[in-house]
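K.L.:
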Amino acid sequence: METLVGKEEIIDTCAKLIQKGEIVAFPTETVYGLGGNALSDSAVEKIYIAKNRPADNPFIVHVPNVEEAMKYAEVTEDALKIFDRFSPGPITVVLKKKSCIVDRATANLDTVGIRIPSHPICQEFLKECKLPIAAPSANISKKVSPTTFKHVYEDMNGKIAAIIDGGDCEVGIESTVISLAGETPIVLRPGGITIEELSKVLPNVKGFTGVVKVAQSPGMKYTHYCPTVPCVLYSNRDNAIKEYIKQKENNPVILAINTEAQYFKDNNINSISLGETYVEYAHNIFKMLRECEKKYGYIIVQALGDTGIEKSIMNRILKSSGGKIV
Ligand code: TXA
Ligand code: MG
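Numbering of the sequence shown is given in the numbering used here, commencing with residue 2 and proceeding in unit increments.
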């Protein structure tokens with residue numbers, strides 16, 4: 002299949018492709034998504050095939066605003082509070098689904114994750130489509146999520162109808178997923194919006210503890226974000242250096258926040274800065290993992306703390322490393 006590639010000038014054409022049942026990759030403020038009509042079994046099926054995605058992992062449904070969300074889910078009062086405060090933006094709210102969303106899109110769950118992205122190209126695309134768009138991240142299953150056009154192109158060129166280039170994704174890690182479908186609000190996946198921020202709006206919100214029933218969020222049981230070369234996290238500088246020396250023959254690299262990276266560089270150790278702040282760290286991490294897997298044979302990544310955006314990044318890099326920390 003020939004894949005149409007372009008910037009905002011192809012939004013109209015892409016919306017028509019979606020209406021015909023094709024699938025299209027598009028930018029969001031978190032990561033790129035791979036979307037299709039959430040009212041069509043055959044469109045949703047195409048996404049599973051292009052990604053090589055396990056059939057029991059549900060897709061998030063993207064809409065441009067709350068009015069549209071109400072057509073596809075039972076939007077509760079708590080959900081309105083969350084949308085009001087954080088949308089459009091990097092948050093997904095799991096709610097009871099309405100029957101028009103095909104079961105294949107939600108892996109037969111009676112809930113649907115609704116997201117209202119803020120990226121201007123994405124907003125325009127969703128408005129043009131005039132349909133709810135089921136979309137996972139636009140990577141091949143298990144691989145690192147794409148945050149640049151180039152990375153989507155590598156995974157999807159030739160497999161899907163079109164890719165809209167919207168530049169680098171600002172947040173760099175996926176949306177926070179909060180479930181409001183049960184008795185207590187629970188964060189199923191930490192992300193760009195932190196648990197601390199959510200608890201200001203919903204004081205009874207429970208943070209993700211790492212033990213969530215598979216039925217609540219099937220995606221959690223799969224391996225994710227895996228670079229094609231081995232990856233470990235380091236908890237302190239000495240251990241990082243020991244690991245680096247141990248792996249010397251495998252062409253290792255250390256990824257860390259700027260001050261740390263500088264320390265390693267000063268000691269003649271190959272290292273790359275992920276930025277000055279944790280927000281920059283989040284923005285750069287997936288992109289750097291994808292670039293480093295091509296150039297290096299072993300990746301050593303700085304482990305982070307358990308609060309705020311650090312917790313969200315840690316949730317992803319623990320999966321990249323298969324939980325290995327030195
Ligand atoms: O930022 C994002 O959320 C990106 C962009 C493209 O919007 N999308 C994304 O989709 O990360 P994906 O499919 O890679 O991850 C969706 C996660 C999975 O862990 C899935 O299991 C969970 O959300 N999820 C989706 N629908 C759900 C539902 N109804 N109930 C529980 N978890 C759900
Ligand atoms: Mg994904």
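The beta carbon of each residue, even a glycine, is placed where N, CA and C say it ideally should be.
1. At a cut of 8 Å, does the region 116-127 reach the region 45-64 through at least three beta carbon pairs?
2. Considering only the alpha carbon of each residue, which of 286, 142, 98 and 197 lies closest to residue 77?
3. Between which two residues does the alpha helix (DSSP H) harbouring residue 121 extend?
4. Using a 10 Å radius around the Cβ and a threshold of 16 neighbouring Cβ atoms, would you call residue 80 buried or exposed?
5. Could you please give me the residues that DSSP links to residue 27 through a beta bridge?
6. May I have the straight-line CA-CA distance separating residue 315 from residue 327, to the nearest angstrom?
7. Alpha carbon to alpha carbon, how far is residue 84 from residue 267?
8. Decide yes or no for the touch test of the region 183-198 against the region 96-111: beta carbon pairs closer than 8 Å, at least 3 of them.
9. What number of angstroms, rounded off, separates the C-alpha of residue 31 from the C-alpha of residue 189?
10. Beta carbon of residue 34: closer than 7 Å to some heavy atom of the ligand TXA?
11. Can you name, in chain order, every residue of its own chain whose Cβ lies under 7 Å from the Cβ of residue 251, other than the five neighbours on each side?
12. What three-state label does DSSP hand residue 142 in the structure shown?
13. If we count the other Cβ atoms within 10 Å of its Cβ and call it buried at 16 or more, is residue 303 buried or exposed?
14. Helix or strand or just coil, what does DSSP make of residue 189?
15. Closer than 7 Å to a non-hydrogen atom of the ligand TXA - does that hold for the CB of residue 136?
16. Closer than 7 Å to a non-hydrogen atom of the ligand MG - does that hold for the CB of residue 175?
17. Taking the C-alpha atoms as reference points, what is the distance between residue 28 and residue 66?
18. Kindly provide the ranges of any beta strand (DSSP E) runs that are 3 or more residues long and lie completely inside the region 255-298, ordered along the chain.
19. With 16 as the cutoff for other CB atoms within 10 Å, does residue 2 come out buried or exposed?
20. Return the bridge partner residues of residue 232 from the DSSP annotation.
21. Measure the CB-CB distance between residue 23 and residue 125 and report whether it falls below 8 Å.
22. On the three-pair Cβ rule with 8 Å, is the region 156-173 touching the region 280-292?
23. Would you say residue 137 and residue 40 are within 8 Å of each other, going by their C-beta atoms?
24. May I ask you to report which of helix, strand or coil DSSP gives residue 317?
25. Which whole-angstrom value is the C-beta distance of residue 130 and residue 19, which I expect to be below 8 Å?
26. Considering Cα atoms alone, identify which of 256, 162, 230 and 157 is closest to residue 281.
27. Do you know whose CA, among 90, 95 and 55, lies nearest residue 71's CA?
28. So residue 54 is in the beta strand (DSSP E); what residue range does that whole segment cover?
29. Alpha carbon to alpha carbon, how far is residue 25 from residue 141?
30. Compute the beta-carbon to beta-carbon distance between residue 36 and residue 135, rounded to the nearest angstrom, for a pair I have assumed lies under 8 Å.
31. Using 8 Å for Cβ pairs, my map puts residue 33 next to residue 153. What's the rounded Cβ distance?
P.N.:
To lay it out plainly:
1. They touch, by the three-pair rule.
2. It is 98.
3. Under the DSSP assignment, residue 121 falls in the alpha helix (DSSP H) whose first and last residues are 121-130.
4. Within a 10 Å sphere around the beta-carbon of residue 80 sit 16 or more other beta-carbons, which makes this residue buried.
5. Residue 27 is bridged to 34.
6. Cα to Cα, the separation comes out at about 14 Å.
7. Using only the alpha carbons, I get a separation of about 46 Å.
8. Output reads no: the region 96-111 does not touch the region 183-198.
9. Straight-line Cα distance between these residues: approximately 17 Å.
10. Yes; taking the cut-off as 7 Å, the Cβ of residue 34 has a heavy atom of the ligand TXA nearer than that.
11. Cβ within range, chain order: 298 and 299.
12. Secondary structure at residue 142: coil, using DSSP grouped into helix, strand and coil.
13. Residue environment: residue 303 is assigned as buried (16 or more neighbouring CB atoms within 10 Å of its CB, all protein chains considered).
14. Assigned with DSSP and collapsed to three states, residue 189 falls in strand.
15. Checking the Cβ of residue 136 against the ligand TXA gives yes.
16. Flag set: Cβ of residue 175 near the ligand MG.
17. Roughly 17 Å between the two C-alpha positions.
18. Taken in chain order, the complete beta strand (DSSP E) segments of 3 residues or longer contained in the region 255-298 are 272-274.
19. Counting other Cβ atoms within 10 Å of its Cβ, residue 2 stays below 16 and is therefore classed as exposed.
20. According to DSSP, which records beta bridges pairwise, residue 232 is partnered with 300.
21. The answer is no: Cβ separation not under 8 Å.
22. Because the criterion of three Cβ pairs below 8 Å is met, the region 156-173 and the region 280-292 touch.
23. No, the pair does not count as a contact, with Cβ atoms beyond the cut-off.
24. The three-state secondary structure of residue 317, taken from DSSP, is helix.
25. That pair is a contact at about 5 Å.
26. Residue 281 has its Cα closest to that of 256, out of 256, 162, 230 and 157.
27. It is 95.
28. Neither: residue 54 is in no beta strand (DSSP E) and is coded neither H nor E.
29. Between residue 25 and residue 141, the C-alpha separation is close to 14 Å.
30. Right, the Cβ-Cβ distance comes to about 7 Å (below 8 Å), so this counts as a contact.
31. Confirmed, about 5 Å.
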